[in-house]
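Numbering (my numbering), first residue to last: 6 to 79. Every residue, glycine too, gets a C-beta built ideally from N, C-alpha and C. Report on the structure given below.
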């Protein structure tokens, strides 16, 4: 590796280590935290609240869908 590639790989490894120890973004800052809180609040207002970190559960009611088999005439 040339020195620039080594420096690049070292910085990626350092960032990976920091992000794993932080459990997310490295040094996100107060602006990021404030913007994230605002966006989460906006989404909760738009979509009726609830936990936005989990995938929603869908419950379908109504008639069963009937499968029709179509045979082509050759």
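query, result
"Could you give the residue range of the alpha helix (DSSP H) that holds residue 75?", "It is not in any alpha helix (DSSP H) - residue 75 carries neither H nor E in the DSSP assignment."
"For a test of the three-state rule: what should DSSP assign to residue 31, helix, strand or coil?", "coil"
"Report the three-state DSSP secondary structure of residue 61 (helix, strand or coil).", "coil"
"Taking the straight line between their C-alpha atoms, what separation do you get for residue 69 and residue 63?", "16 Å"
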